[in-house]
Structures are given as structure tokens and as C-alpha cells.
Amino acid sequence: MIFTDVHTHSLYSADGISPLREMVGRAKALGLRCYGVSDHFDYDYLAEGVPTEPGFRYIDETEYFRELRTLQKESSDSGFRLLAGGEFGFSPKRQCAELYAQTIERHRPDFIVNSVHSVEGHDVYFSAYFDGKTKRDAYARYLDRVRESLDAPYRYEIVGHLGYVSRNAPYADRTLRYEEFPELLDEILRTVIAKGKILEVNSSARGSGGAFLPDCDILARYRALGGEKVSYGSDAHRIDRIGEGREEIARKLKGLGFCAITVPEGNEEHAFPL
Ligand SMILES: [Zn+2]
Ligand SMILES: [Zn+2]
413 MIFTDVHTHS
423 LYSADGISPL
433 REMVGRAKAL
443 GLRCYGVSDH
453 FDYDYLAEGV
463 PTEPGFRYID
473 ETEYFRELRT
483 LQKESSDSGF
493 RLLAGGEFGF
503 SPKRQCAELY
513 AQTIERHRPD
523 FIVNSVHSVE
533 GHDVYFSAYF
543 DGKTKRDAYA
553 RYLDRVRESL
563 DAPYRYEIVG
573 HLGYVSRNAP
583 YADRTLRYEE
593 FPELLDEILR
603 TVIAKGKILE
613 VNSSARGSGG
623 AFLPDCDILA
633 RYRALGGEKV
643 SYGSDAHRID
653 RIGEGREEIA
663 RKLKGLGFCA
673 ITVPEGNEEH
683 AFPL
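End of the sequence shown sits at 686 in this note's numbering; the numbers just go up one at a time, nothing left out.
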């Protein structure tokens, strides 16, 4: 079973619903041993001029880390560890990398989820990205950007939601399948392994066609190439979704030959047997 969840969002994210303190309370009540908050740092939006939804705001990173660190001191005990992290949306633009380097220098997050949300000036969750593109084209461009993100010139530990492009894609068959992009996915998976990064299994699959991202075919390939390190994240944006889908993911991961969930904390990694 899985007793960790290290990809979640609070009210500090523009699309979060629940206050930080309530998220932490819920994680404890669920019996999690390690709980990570990873609110959105959308400096990719800033660098690429991505159009934003009404009500969008960038994170107040000083206040965010101040509250998280206070809660960390209060809530951590021998059976529970709160980690103060961030989800960093990737852009290859220098402005974006400089902002993330500053955030890391100032706040020393316990862990960083490196995620691709924007491609060609659009968040690929929104329909404008897909205008005039076939599935092959839209997904290949997204995967190229994921490959590029692995060379981000700043610290990160977790490769977030591989397959995010499929969550809200307008195609009848949305699933990102290994067999459709074997070269691009092999290049990504081999690089994750070579760099010692952790591949996330994200249970917020939404309309992607599967129960989690990436799906079993890609996870099986990762394992076959020698990949061992996986993390679990619910990507919860409100308290009732924390830890969602853990049973099924634990079962599937075990079946694929994975032994443990890896949780990063600064320069260290902790293994939680499945
Ligand atoms: Zn994300
Ligand atoms: Zn997220």
C-alpha cells in the first residue's frame, strides 16, 4: 500500500480550494506517513505569455513557505512528515529558469516536481493548444518539451504527470500510448533513469483515458529499461482528493515489479515499500 502523497495543491495555488492547514489535517487523518504540498509556480506562464483564466494569480512564495515551514514544525512527529515543495512549470526561456533558481536559493524547497504545462504559448490543458493539430502532432510536441524539461538548469527531483497533454485533449481516443510514440518515450524514460530522477504516478488522470498518468504500458517500459524510482501524487486541489487511487496504483506498481515509492527530501531519498 502507499502511505505517501507528494503532489498536492492548497489555496496558495490559483486553482486550489482548501487551506493549507486543512490539507495537512486531512493527510494526517488518512494515516499518511509522508505528505508533500507542491503548489503551482507558474513562471513558465510568465516567460511564455500564456493566457490565464479569470482569477489567476501567481503564488505568494514568501507567505507560502512561511506558513508551510510553520506547519512543518507543528505537525511533524515520528509517524508523520510534512514536506514543503513546489510544482515548477517548465519553460526553456531563460527568464523562467532564473526565477526558479531564485526561488530555490531563497526557500530551499524539500522537493520539486518538474512539470510541463505550457507548449508554444498555451497550457496544454486548454483547447486552444489543440487547434488545427492532430493527436500525433499535439502529443509529439508535448513530449519534445518534456524531454527538454529534463535538462532544466535547476534542481528538481520528480518528473510530474507524464501524459498531462491527454487530460483534456479533444480526441476520441485520448490515451497516450507507448506504442504510438516509442522513440520519444524511450528517450524520456532513459533520461529520467540516467539522471536519477523519480517518475511520478499521478492519479488525477481526468479524461486521459486511463486511471492514472502515465499509464501501465509506459510504466512497464520504464521498469524494463531499468527504472526503479516512482513517486505517487494525487494532484489533489482540495482535501477530499488527497490520497485518491492509492490502492489501485500500489497494486499495479507491484504487478509491474516496482518495490517501493521513493520520496525525495532535499539531498536525501526515502523508500517506502509498496
Ligand atoms: Zn501539473
Ligand atoms: Zn499539480
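In this text, a Cβ means the ideal position worked out from N, Cα and C, and glycines have one as well.
Does DSSP put ARG493 in a helix, a strand or coil? strand
Which of the three DSSP states, helix, strand or coil, is assigned to ALA648? strand
Nearest-angstrom Cα distance between ARG445 and ASP543? 43 Å
Taking 6 Å as the limit, tell me which residues put their C-beta closer than that to any heavy atom of ligand 2, in chain order. HIS419, HIS421, GLU499, ASP647
To the nearest angstrom, how far is it from the Cα of ILE414 to the Cα of PHE684? 8 Å
Buried or exposed for ASN679, going by 16 or more other Cβ atoms inside 10 Å? exposed
Inter-residue spacing [alpha-carbon to alpha-carbon] between LEU611 and ALA672: 12 Å
As an exercise, report each continuous alpha helix (DSSP H) stretch of at least 4 residues that is fully enclosed by the stretch 545-618, in chain order. 547-561, 594-606
List the residues that DSSP assigns as beta-bridge partners of PHE453. PHE500
Run the CB neighbour count on LYS698, radius 10 Å, all protein chains shown included, and call it buried at 16 or more, exposed below. With the chain covering 413 to 686 only, the question about residue 698 has no answer from this structure.
For ligand 1, I want to know if SER430 counts as a neighbour, meaning its beta carbon is within less than 6 Å of at least one of the ligand's heavy atoms. no
Please find out if some non-hydrogen atom of ligand 1 comes closer than 6 Å to the beta-carbon of SER530. no
Considering ILE673, what are the terminal residues of the beta strand (DSSP E) in which it resides? 672-677
Own chain, CB closer than 6 Å to ARG469, minus 5 neighbours either side, in chain order: ALA426
Please state whether the Cβ-Cβ distance between ARG589 and SER620 is less than 7 Å. no
Quick check on DSSP: helix, strand or coil for PHE538? coil
Quick check: does the Cβ of SER450 come within less than 6 Å of any heavy atom belonging to ligand 1? no
Per DSSP, cross-strand counterpart(s) of LEU444: Paired residues: none, contrary to the question.
Relative to the C-alpha of LYS485, which candidate in ILE471, VAL528, VAL436, GLU465 has its C-alpha closest? VAL436
List the endpoints of the continuous alpha helix (DSSP H) containing ALA632. 628-636
CB of GLY655 within 7 Å of CB of ASP417, strictly: yes
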